[in-house]
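Residue numbers for the sequence shown follow the working numbering, so the first one is 23 and each next one is one higher. We put the beta carbon where it would ideally sit given N, CA and C, even for glycine. From a predicted model like this one, the values you see are computed outputs, not experimental measurements.
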Amino acid sequence: MADDTDAVPDSVVRGRPPAIFRAGGPMLKQFDESTASSRKGSQAPTPPRSVVGIGNKVAKPDYSEAKIVLAMVGLPARGKSYLSNKLMRYLKWLEYDVQVFNVGQLRRSRAHRKAQQSGILEDHTSSYFSHNNVEATKLREQLAEDSLEMLIRWLKRGGNVAIHDATNSTRMRRAKISARVAKEKGMSVIFLESICNDPAVIAANVALKVSSGDPDYKDLPREVAERDFLRRIKEYEAVYETITEPHLSYLRITDIGNEVTLSRINGYLQSRIAFYLMNLHVKPRNIFLSRHGESQFNVEGRIGGDSLLSERGLAYALALPELVRNNIGDAPLIVWTSTLQRTIQTAAELPYPKLTWKSLDELDAGVCDGMTYDEIEQAYPEDFANRDEDKFNYRYRGGESYRDVVVRLEPVIIELERQENILIFGHQAILRCLYAYFHDLPQADLPYINVPLHTVIKLTPKAYGCDEERYTLPIGAVDTHRPKPGTTVSPPDVVPASTKREYFGTDV
23 MADDTDAVPD SVVRGRPPAI FRAGGPMLKQ FDESTASSRK GSQAPTPPRS
73 VVGIGNKVAK PDYSEAKIVL AMVGLPARGK SYLSNKLMRY LKWLEYDVQV
123 FNVGQLRRSR AHRKAQQSGI LEDHTSSYFS HNNVEATKLR EQLAEDSLEM
173 LIRWLKRGGN VAIHDATNST RMRRAKISAR VAKEKGMSVI FLESICNDPA
223 VIAANVALKV SSGDPDYKDL PREVAERDFL RRIKEYEAVY ETITEPHLSY
273 LRITDIGNEV TLSRINGYLQ SRIAFYLMNL HVKPRNIFLS RHGESQFNVE
323 GRIGGDSLLS ERGLAYALAL PELVRNNIGD APLIVWTSTL QRTIQTAAEL
373 PYPKLTWKSL DELDAGVCDG MTYDEIEQAY PEDFANRDED KFNYRYRGGE
423 SYRDVVVRLE PVIIELERQE NILIFGHQAI LRCLYAYFHD LPQADLPYIN
473 VPLHTVIKLT PKAYGCDEER YTLPIGAVDT HRPKPGTTVS PPDVVPASTK
523 REYFGTDV
């Protein structure tokens, strides 16, 4: 098997992930001799006599003690909702219960309901956000307080992290939030301030705001809407106070990805949140996901192992350079593979820097490594049925569950957020986990995502989701997808685009 230094020229060594995250690093899974030998595949369907069953279900970690209010701070068009939604997606992927409480959504929802009930349309143009508009200021303060009460009730019902997505732009507002949360036992509050000094980024955010269906500017010409929104920003700038309160726990992110200031960040979950946010950037990029070419084990219907590519898999590897070149052009690209032969073979013809990650190796099937599903069902019928009932949580004896794979992929996600254009050659379970992160898919659906062979999936992260395109080469391959038991319809290959901003809340 190749290691990092075999695969990467000296000129790109600086681009590799930190040592603790790379193959063989202490953060990644270590394989003992018995696990390593299982990679050779089963020589016979008869299991060892000492093996009674495959494994057992892995319980969800108990996060019930984690109760954090994360209150956003910042002017409009500074990326607050972007950060809120990115953080929510990341923590949900790690199985924390997270919800964003957006004050703007609450305002629009209540105004919409009022219009339906009474026919009265509220004026939410820039004058509504003026500090000199006493009546509107009281209404906006009440909306912020109501949203805070909603999120506190939600945390009491079992939530872990509630994100208060609002400007929270004055010391007085932040003091009210701190005082209210302090009344609740076991809850803590962190403020996350987003500052943007890049005029191009602000202009792009303003353009997105007025062109993406915001009800505040319904039926208004774009130029008029843009001028009004810029006036709204000026109204907030007139009273804006950056965080200087020495007693607050806060993170300040300046020009996302350039500078981060931390103060009074304590505990495991708070530190985890801070570390994730420190690694984000907003540069345009694409992430390409592809399974290895069809392998000899794929053809035989066997799982796991470290087999070589089949003839059709080799044809896929030879066809990839032209496909990638047509879609990436002259843009820089780094290729990541697992340490297993079939991914390294698949990437061999691509003229780009390559890194191997131990944490990208396929889900470890333990004692079932190298067996077919028919052999597993015959040898371990009860366990086979139990895994079908709860595939995400079921752990093979001596191996892993999907939940285990998500945990070991966290360093990969952090590094992906730091990078620009990346092409990953992985395995079915691995790519399902990564795909679920970018599309915010629930764990129950994750093990059944259809990731076909000989297909490149192009993901383009956007402000409120991820666009997707798929390129399937006309090279045949076996279908390794097993649908969820009890279902007759396979899930769609492509998840519907989820890049539109939500402007209305559900709880008013």
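Selection Gly-315, Leu-330, Phe-123, Val-95 evaluated against Ile-217 yields Val-95 as nearest (Cα-Cα).
In this structure, Ala-485 sits away from Ile-471, with a CB-CB distance that is not shorter than 8 Å. If you look at Ala-225, you'll find it in the alpha helix (DSSP H) that goes 221-233. Exposure of Tyr-290 is indicated by the presence of fewer than 16 other C-beta atoms within 10 angstroms of its C-beta.
For Glu-491, the closest alpha carbon among the candidates Phe-310, Val-434, Phe-447, Ala-93 is that of Phe-310.
Shown here for Tyr-272: same chain residues with a beta carbon closer than 6 Å to its own, the five before and five after excluded, namely Phe-213, Ile-265, Ser-285 in chain order.
Within the same chain, and ignoring the five residues on either side of Leu-252 in sequence, the residues whose Cβ sits closer than 7 Å to its Cβ are Val-228. In this structure, Asp-250 lies away from Ser-103, with their beta-carbon atoms at least 8 Å apart.
Taking Leu-438 as the centre and dropping the five residues before and after it, the same chain places the C-beta of Ile-309, Ile-444 closer than 7 Å to its C-beta, in chain order. DSSP places Met-393 outside any alpha helix (DSSP H), giving it a letter other than H or E. By the criterion of at least three beta-carbon pairs nearer than 8 Å, the segment 337-344 is not in contact with the segment 409-429.
Per DSSP, the beta-bridge partners of Cys-488 are Pro-483. The segment 297-317 makes contact with the segment 364-378; the number of CB pairs closer than 8 Å reaches 3 or more.
For Ser-293, the CB contacts under 7 Å within the same chain, skipping 5 residues up- and downstream, are Ile-287 in chain order. Three or more pairs of CB atoms, one per stretch, sit closer than 8 Å, so the segment 369-389 contacts the segment 350-360. Using a Cβ-Cβ distance cut-off of 8 Å, the segment 491-500 and the segment 467-481 are in contact, since at least three pairs of beta carbons, one from each stretch, lie closer than that value.
Under the 8 Å Cβ criterion, the segment 113-124 does not count as touching the segment 223-240, having fewer than three qualifying pairs. In the DSSP assignment, Met-94 is bridged to Leu-214. Pro-505 and Asp-467 have their C-alpha atoms spaced approximately 10 Å apart. Straight-line spacing of the CA atoms in Asp-187 and Asp-238 works out to 18 Å. Considered as a whole, the segment 295-324 harbours 309-313 as its complete beta strand (DSSP E) runs of no fewer than 3 residues, in chain order.
In the DSSP annotation of this structure, the continuous segment of the beta strand (DSSP E) that includes His-186 starts and ends at 183-187. Exposure of Ile-142 is indicated by the presence of fewer than 16 other C-beta atoms within 10 angstroms of its C-beta. In the DSSP assignment, Lys-102 falls within the unbroken alpha helix (DSSP H) covering 102-115. Lys-79 carries a strand assignment under DSSP once its states are collapsed to helix, strand and coil. In chain order, Pro-98, Ser-148, Phe-151 place their CB closer than 7 Å to the CB of Arg-254, counting only its own chain and leaving out the 5 sequence neighbours on each side. In the DSSP annotation of this structure, the continuous segment of the alpha helix (DSSP H) that includes Arg-364 starts and ends at 363-369.
Around the beta carbon of Gly-351, fewer than 16 other beta carbons sit within 10 angstroms, so the residue counts as exposed. The Cβ atoms of Leu-173 and Ala-184 lie closer than 8 Å to each other.
Under the Cβ criterion (8 Å, minimum of three pairs), the segment 387-403 counts as touching the segment 416-428. Straight through space, the alpha carbons of Gly-208 and Ile-325 are spaced by roughly 46 Å. Within the same chain, Cβ atoms closer than 6 Å to the Cβ of Tyr-298 are found at Tyr-112, the five residues on either side in sequence being excluded. About 6 Å separates the Cβ atoms of Gly-101 and Ile-278, confirming a contact at the 8 Å cut-off. Rounded to the nearest whole angstrom, the CA to CA distance from Thr-283 to Glu-432 is 23 Å.
Bounds of the alpha helix (DSSP H) holding Ser-140 are 125-140.
The three-state reading of DSSP puts Leu-170 in helix, counting H, G and I together.
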